[in-house]
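Chains as they are written, first to last, in our numbering: chain C, 1 to 379; chain V, 380 to 758; chain P, 759 to 1050; chain F, 1051 to 1342. Even glycine gets a Cβ: it sits at the ideal position worked out from N, Cα and C. Below you'll find the structure, written out as structure tokens, and then a few comments.
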Amino acid sequence: MNLHEYQARALLQAAGIPVPDGDVAATPAEAEAIAKRFGGGVVVKAQVHAGGRGKAGGVKLAKDAAEARAHAEKILGMTIKGLTVEKVLVVPTADIASESYVGVILDRASQRPVLMVSPAGGIDIEEVAATTPGKIMKLGVDPRFGLLPHQAMQLGFFLYDELPQVRAAAAIMRQLYDAFVRAGGSLAEINPLITTPDGAVLALDAKIVVDDNELDRRPGIAALRDTASENPAEVKAREAGLTFIKLDGSVGCCVNGAGLAMATMDLVKYYGGEPANFLDIGGSSNPEKVVVALEIITADPRVKAILFNIFGGITRCDDVANGIVTATGRTKLAVPIVIRLTGTNEELAVKILERAGFSALTDMDEAVKRAVELAGRAA
Amino acid sequence: MNLHEYQARALLQAAGIPVPDGDVAATPAEAEAIAKRFGGGVVVKAQVHAGGRGKAGGVKLAKDAAEARAHAEKILGMTIKGLTVEKVLVVPTADIASESYVGVILDRASQRPVLMVSPAGGIDIEEVAATTPGKIMKLGVDPRFGLLPHQAMQLGFFLYDELPQVRAAAAIMRQLYDAFVRAGGSLAEINPLITTPDGAVLALDAKIVVDDNELDRRPGIAALRDTASENPAEVKAREAGLTFIKLDGSVGCCVNGAGLAMATMDLVKYYGGEPANFLDIGGSSNPEKVVVALEIITADPRVKAILFNIFGGITRCDDVANGIVTATGRTKLAVPIVIRLTGTNEELAVKILERAGFSALTDMDEAVKRAVELAGRAA
Amino acid sequence: MSIFIDRATKLVVQGITGRDGSFHTKQMLEYGTHVVAGVTPGKGGQTFADKVPVFDTMAEAVAATGANTSVVYVPSRFAADAVYEAADAGVRLIVCISEGVPVLDMTRVMPYLRERKVRLIGPNCPGAISPGRCKVGIIPGSICREGTVGVVSRSGTLTYEVIHQLTRAGYGQSSCIGIGGDPIIGTNFIDCLAAFEADPDTKAIVMIGEIGGTDEQQAAEYAAAHVTKPIVGFIAGQTAPPGRRMGHAGAIISGASGTAAEKMAAFTRAGIAVMKRPADVVSLLKERRVAA
Amino acid sequence: MSIFIDRATKLVVQGITGRDGSFHTKQMLEYGTHVVAGVTPGKGGQTFADKVPVFDTMAEAVAATGANTSVVYVPSRFAADAVYEAADAGVRLIVCISEGVPVLDMTRVMPYLRERKVRLIGPNCPGAISPGRCKVGIIPGSICREGTVGVVSRSGTLTYEVIHQLTRAGYGQSSCIGIGGDPIIGTNFIDCLAAFEADPDTKAIVMIGEIGGTDEQQAAEYAAAHVTKPIVGFIAGQTAPPGRRMGHAGAIISGASGTAAEKMAAFTRAGIAVMKRPADVVSLLKERRVAA
């Protein structure tokens, strides 16, 4: 789960990290009032779960409150990478002497959190990694010990020359690591970490991504979820216990298991089609899930054919068949459907489907070929 | 540093452990008011850093507030093992179905905190260990991971049969471990951990000992020090950076280094004398420390001779000599003094002492023999 | 022969009285797995399915039965502790089926297991099966057949699909290991490749990877240097968009890293035959002259 | 020969610009110890005593000088981190002089060092000296003399007293190790006994213990089983009352455990000659026919 910048800022602040003033607004009037309260120039920043918001016009400098209002009017409601901006963060402009990058990521290879810092901050760290890798220092953290003071100091010396700034940065890194762990993060970054002309070290922008699996035991973090800023179909899928990702093709896919779902999409492509989505109905057997899955798939007007690919294990084929019959009983399908089922209770499922007028295949390649063909015919 | 029961209770409570009601009183009137507030019977418990307070009459059951006041009158101001009772804890009497013991100690051999539990609670755990060791279960905690849930459950099953009580005890043990770590403890125990007839699990008495070396970074815990309840000479010594422990003999000892100080005491005994104290002036050279040390030693009327034993290393002999001259210049010594100095700046020290009319020895055995002889003559 | 589990496996089921635990314990018993004990706190003293004793703790279960392996079916928030408990109790292999274990938990679990030299398979995996001998986890026994192909996979149902294709074509399996779809897992491709290479009854290996991370690339390098047996590989997620988690917590292309294309290229460089689709497994094994 | 430190020791001083650090660095330099670097954050680039380069971090100091040993003189609240830093930088031996290190810190430091196979001496110790070759810590070089008696002790000045008696009687020392007075220490009696036993130039061992804990008892058992060289032992605190910490954090009799009497009895059982007073060391060595 992605947190908004203003939410991440609050978590950093709670961890003791110095963060400049700032407040969040949902309307232009609120943005104006906040700017007025700060006095002087402000930056109006779109709060949206998408990178490149600056380039998309979602971050604007305002010299006064009136201009802040004008910017907020433009930014609120704009769409960046398919997501609508619902809120803006208004912060006073900062005097910046230097910009660095400080981040914590979970590194798969070393199976540890890794601190990553660079004196080349303010820009995308992947770009720094690609062009000037020598400007990045990485340090694996032993999660049993946390980020040790001397490790933070070593990273601090990579960023700064003056001892007070080194110490300030080291303290911020340890606090960032703590905030990362406390939030159940998979990523936490400050970009840029700035120094001001008078030598202070401040976190100007913050990003935190939380491991979804941590939310159960962290109700405070879970409450930060902003479903208004997410794709509605994906929200609906998640609430039903499905994983759905919207794509641009015409073959709607409904599969059990993430690996098989990906392989099914790949096979659609292999046979000349384009998948309309990734959809994993998961391991458990629940006809109601299938109903929701079909609702989501059929809501997409680009879908010209529907493909079910079920390999029964824990998932029972008859449950899936019942789900299909229930869903199509409620709303008649406007597009053709191809069903492939094999494994647990396969025979039972075939009977249920045939009784409802559907036919079922058992071979994956055959089913995918058929679905691609039907989608092509409809186009 | 020992915490009082009422202080330890507060730390356990802050960690989430269920602790019965209770409040602390410094006067009989306060004790009466607290008892009235609770209604019914109460227990009045002396708050003193000494074991065996029950046997010494420091814990009394009262059927009502008037009796609580009467008990408080007796207990407040009483002396238990040389320490005066300044406060009492007043708690409602509890219905007890069972008494267990739960403690965390720092185990030297395994270099780990160890959880120790026993269903034979309410009595001294060393007694249980000596008589029925099978009734104790010990479990070493890896401090990098803390007390893991399944470990706490395993200990819980050793205490109780019913799952709700096992779970409650497991939660309490994990909270106790956390309180132990957060306080910088060297010991934390609940004795007894009781069950009530309706199945609740509660911490009826609590003891926490804090590692003195943790106090610097834990001002909240350091503030709990109650110097009024400690030996005044030991408090004075600690504040001057000395370690002083009062004993019963007649040879006052002043030594640099704990091992040498113990060996000096032992040698006093070896030559037929009795040490009046353990006193380590520590490693650093500071004449002022010597002044305080002499003040403390000479304040004991039992002291018949004073013995200095200094092996100069970091400690400079001339500093000690200067301290002796300064202190004896301020107040004339009423008892003879024997000085043994060797090591760093020994010659300088001898000159300083001789100029002030003292003589100095260089052999430890000779000095101790002389001091014992002088103390014997004075007796 | 087989890897990790066989007829000597003595299994404890952690969470045996739960919904998933009880269902799959019955399946494992039917398959012939030596399920010697179950654990559910508070249910100690009961007997499961008239034959498996249930204990309150793993320590008791292992002490009473000499179990050497455990399988974890507890809810995800208790899964890490179940793994710690199994390791403390002294089993040598833990198979964690539970899905949704926080990754930060895994960063702490792994060094704990390493210190104790305990192997973990999973989490978020279908477990392992050595057809005809032992099944630990949830892979349907009916689709498997005794044989000489070793299968290792990050996926669940996609593995079944491939096993199904193998069995249909007459290729039995020595062992099938589902290593799990999470970013941090106990046993990785390299561990399995090494074990299959050492197993005299495994004649060929099928490796099913997916997008995300660099495990497949490292495994390919390892295979080129250390594995003499023919390998056939598949990567799921060729059509997955970057930056999105494709169901599995570990299946995500970060920036330009972890794509199917780079993994397939690594396979090719290492001499691993690349399947374009699951059904290709049979023809590629035949091409490599692996006998069914 | 000697144990732990010798002419090959290349030393970094952690906290070289502090009061204690600078004083003792000068003493070590005078004694001939190869002090190759110092560390104080923010003082990187300076030179200490016109010859020792100062670095901001241990990583830089070790990379630049190839140091293999460090000595810690930083204030107690930073001591544990200094030890972690030294271990991460790759030295093989760390001598921690600092007194007052919280015991809970040590419970975490020890497994960190064990994983990295780094030896720690201390904390709260006077360090080590191999007379004539190398001195790391604060033991006064002037009282020592090259020779064949190995000394190991939990104490500081009491050790000096014993060394002084040895030297006066013509008994030189191979190495003298102050292991420290804290309840949890990096190197214990057994480690030193094993090292002295293996050191061909050590002919006899003097072991100075005190009340508290059971290290001396375990060391006595170890000595009976594994040490062939004559050992003379002393226990300080025969007159100490139970339940009171005698200066050293570790010097406390808990209940009836850790008394001088039980330790001396363990020595006697193990064939270790027990000194009644420090001065006995010489006569007991002579009794054991150890040549001066």
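- [ ] Output yes or no for whether 8 Å exceeds the beta carbon distance between F:Val1153 and F:Asp1232.
- [x] For this step, residue 1153 of chain F is matched to residue 103 along the fourth sequence. For this step, residue 1232 of chain F is matched to residue 182 along the fourth sequence. It is a contact, given that the beta carbons lie within the stated cut-off.
Task: Below-8 Å beta-carbon distance, F:Gly1092 vs any chain C residue - done: To locate residue 1092 of chain F, count along the fourth sequence from 1; it is residue 42. Output row for F:Gly1092: interface = yes.
- [ ] Compare the Cα-Cα distances from C:Lys60 to each of C:Lys207, C:Ala66, C:Val44 and C:His49 and report the closest residue.
- [x] For the purposes of this step, residue 60 of chain C is identified with residue 60 of the first sequence, where counting begins at 1. The option with the nearest alpha carbon to C:Lys60 is C:Val44.
Open item on the list: For a cutoff of 8 Å on Cβ pairs, would you count V:Ser565 as touching chain F?
Closed with: Looking up residue 565 of chain V in the second sequence gives position 186. Closer than 8 Å: yes.
- [ ] Pull up the distance between the alpha-carbon of V:Arg416 and that of V:Val520, whole angstroms please.
- [x] Numbered from its first residue, the second sequence carries residue 416 of chain V at position 37. Numbered from its first residue, the second sequence carries residue 520 of chain V at position 141. When rounded, the distance between both Cα atoms is 41 Å.
Open item on the list: Looking at V:Ala706: is its Cβ nearer than 8 Å to the Cβ of V:Ser629?
Closed with: Position 327 of the second sequence, counted from the first residue, corresponds to residue 706 of chain V. Position 250 of the second sequence, counted from the first residue, corresponds to residue 629 of chain V. Judged by beta-carbon spacing, V:Ser629 lies beyond the 8 Å limit of V:Ala706, meaning their Cβ atoms are not closer than that value.
Open item on the list: Give me the residue from V:Glu725, V:Gly722, V:Tyr650 and V:Leu673 with the minimum Cα distance to V:Gly702.
Closed with: Here residue 702 of chain V is taken as the residue at index 323 of the second sequence, counted from 1. Answer by Cα proximity: V:Leu673.
Open item on the list: Does the CB of P:Pro889 have a neighbour CB from chain C at under 8 Å?
Closed with: Locating residue 889 of chain P in the third sequence gives position 131, where the first residue counts as 1. Output row for P:Pro889: interface = no.
Open item on the list: Using only CA atoms, which one of F:His1298, F:Ala1323 and F:Ser1307 lies nearest to F:Ala1273?
Closed with: Walking along the fourth sequence from the start, residue 1273 of chain F turns up at place 223. The candidate whose alpha carbon is nearest that of F:Ala1273 is F:Ala1323.
- [ ] Would you give the residue range spanned by the alpha helix (DSSP H) that F:Asp1070 belongs to?
- [x] In the fourth sequence, the residue the question calls residue 1070 of chain F occupies position 20. Here the alpha helix (DSSP H) through F:Asp1070 covers Arg1069 to Tyr1081.
Open item on the list: Short of 6 Å in beta carbon distance, which residues of its chain neighbour C:Gly16, apart from the five on each side in sequence? Order them along the chain.
Closed with: Position 16 of the first sequence, counted from the first residue, corresponds to residue 16 of chain C. Only Gln175 meet the Cβ criterion.
Task: Assigned exposure category for P:Gly885 - 16 Cβ within 10 Å defines buried - done: Counting from one through the third sequence, the residue named residue 885 of chain P turns up at place 127. Buried.
Task: Reduced DSSP category for C:Arg89 - H, G, I as helix; E, B as strand; rest coil - done: What you label residue 89 of chain C is simply residue 89 of the first sequence in a count that begins at 1. The question names Arg, but residue 89 of chain C in the sequence shown is Leu. Reduced to three states, the DSSP call for C:Leu89 is strand.
Open item on the list: Let me check one thing: in DSSP terms, what residues is F:Cys1194 bridge-paired to?
Closed with: As a first step, residue 1194 of chain F is located in the fourth sequence; it is residue number 144 there, counting from the start. DSSP lists no partner for F:Cys1194.
Open item on the list: Within the continuous beta strand (DSSP E) that includes C:Val43, where are the two ends?
Closed with: Working through the first sequence from its first residue, we reach residue 43 of chain C at position 43. Looking at the DSSP string, the run of the beta strand (DSSP E) that includes C:Val43 is Val42 to Gln47.
TODO: Please list the segments of the beta strand (DSSP E) lying wholly inside the region 798-833 of chain P, counting only runs of 3 or more residues, in order along the chain.
DONE: Entirely contained in the region 798-833 of chain P, the beta strand (DSSP E) runs reaching 3 residues are, in chain order, 810-813 and 827-830.
Open item on the list: Considering just the uninterrupted stretch of the beta strand (DSSP E) at C:Asn277, what are its terminal residues?
Closed with: Within the first sequence, numbered from 1, the residue matching residue 277 of chain C stands at position 277. Where C:Asn277 is concerned, the enclosing beta strand (DSSP E) stretches over Asn277 to Asp280.
Open item on the list: Contact criterion: CB-CB distance below 8 Å. Does F:Arg1069 meet it with respect to chain C?
Closed with: The count along the fourth sequence starts at 1 and reaches residue 1069 of chain F at position 19. By this cut-off, F:Arg1069 is not an interface position.
Open item on the list: Could you check whether F:Ala1270 and F:Phe1317 sit closer than 8 Å to each other, using their CB atoms as the reference points?
Closed with: Along the fourth sequence, one-based indexing puts residue 1317 of chain F at 267. Along the fourth sequence, one-based indexing puts residue 1270 of chain F at 220. Contact flag set, yes.
- [ ] Closer than 7 Å by beta-carbon distance: list the chain C residues that pair up with P:Ala994, in chain order.
- [x] Reading the third sequence from its first residue, position 236 is the one you call residue 994 of chain P. Residues of chain C passing the Cβ test: Gly259, Met262, Ala263 and Asp266.
- [ ] Specify the secondary structure class of C:Val181 as computed by DSSP and reduced to three states.
- [x] Here residue 181 of chain C refers to the residue found at position 181 when the first sequence is read from its first residue. It is helical.
- [ ] Determine the burial state of C:Pro133: buried for a count of at least 16 other Cβ atoms within 10 Å of its Cβ, exposed for fewer.
- [x] Numbered from its first residue, the first sequence carries residue 133 of chain C at position 133. By the neighbour-count rule (16 or more Cβ atoms within 10 Å), C:Pro133 is not buried but exposed.
Task: Limits of the unbroken beta strand (DSSP E) element including V:Pro492 - done: What you label residue 492 of chain V is simply residue 113 of the second sequence in a count that begins at 1. Here the beta strand (DSSP E) through V:Pro492 covers Arg491 to Ser497.
- [ ] Would you be able to state if there are at least three C-beta pairs under 8 Å between the region 1196-1209 of chain F and the region 1072-1082 of chain F?
- [x] Cβ pair count under 8 Å is below three, so no.
Open item on the list: Closer than 9 Å between beta carbons: that is the criterion. Which residues of the region 572-599 of chain V meet it against chain F?
Closed with: Against chain F - using a Cβ distance shorter than 9 Å - the residues of the region 572-599 of chain V are Asp590, Asp591, Asn592, Glu593, Asp595 and Arg596.
TODO: Using a cut-off of 7 Å between C-beta atoms, extract the partners of C:Glu126 located in chain P.
DONE: Taking the first sequence and counting its residues from 1, one reaches residue 126 of chain C at position 126. Within chain P, the residues near C:Glu126 are Gly1013.
Open item on the list: Less than 8 Å between the C-beta atoms of F:Ala1109 and F:Lys1060, yes or no?
Closed with: Locating residue 1109 of chain F in the fourth sequence gives position 59, where the first residue counts as 1. Locating residue 1060 of chain F in the fourth sequence gives position 10, where the first residue counts as 1. No, these two residues do not count as a Cβ contact at 8 Å.
Task: Whole-angstrom distance between V:Asp402 and V:Lys826, CA atom to CA atom - done: Nothing can be reported for residue 826 of chain V, as the shown portion of chain V is limited to 380 through 758.
Open item on the list: What are the residues in the region 1198-1227 of chain F lying within 8 Å of chain V by C-beta distance?
Closed with: Residues Ser1203, Arg1204, Ser1205, Gly1206, Thr1207, Leu1208, Thr1209, Tyr1210, Glu1211 and His1214.
TODO: Could you tell me how far apart the beta carbons of V:Asp697 and V:Leu727 are, in whole angstroms, since I believe they sit closer than 8 Å?
DONE: The residue given as residue 697 of chain V occupies position 318 in the second sequence. The residue given as residue 727 of chain V occupies position 348 in the second sequence. Contact flag correct, Cβ pair sits at about 4 Å.
TODO: Could you tell me the boundaries of the alpha helix (DSSP H) in which C:Thr326 lies?
DONE: In the first sequence, residue 326 of chain C corresponds to position 326, counting from 1. First-last of the alpha helix (DSSP H) with C:Thr326: Cys317 to Arg330.
TODO: Measure from the alpha carbon of F:Ala1286 to the alpha carbon of each residue in F:Lys1279, F:Ser1304, F:Glu1149 and F:Ile1261, then state which is nearest.
DONE: Residue numbering aside, residue 1286 of chain F sits at position 236 when the fourth sequence is read from its first letter. Residue F:Ile1261 is the option with its Cα nearest to F:Ala1286.
Task: Counterpart residues of C:Phe308 in DSSP-defined beta bridges - done: Position 308 of the first sequence, counting from 1, holds the residue named residue 308 of chain C. Answer is C:Cys254 and C:Ile339, bridged to C:Phe308.
Open item on the list: Counting only Cβ pairs nearer than 8 Å, list the residues of chain C close to P:Ser834.
Closed with: Here residue 834 of chain P is taken as the residue at index 76 of the third sequence, counted from 1. The answer, in chain order, is Asn213 and Asp216.
TODO: Note down, in chain order, all residues in the region 137-157 of chain C with a beta-carbon under 8 Å from any beta-carbon belonging to chain P.
DONE: With the criterion set as a beta carbon lying under 8 Å from some beta carbon of chain P, the members of the region 137-157 of chain C are Asp142, Pro143 and Arg144, in sequence order.
- [ ] Show which residues of chain V have a CB atom less than 9 Å away from the CB atom of F:Lys1336.
- [x] Reading the fourth sequence from its first residue, position 286 is the one you call residue 1336 of chain F. Those within 9 Å of F:Lys1336 in chain V number zero; the least Cβ separation is about 17 Å.
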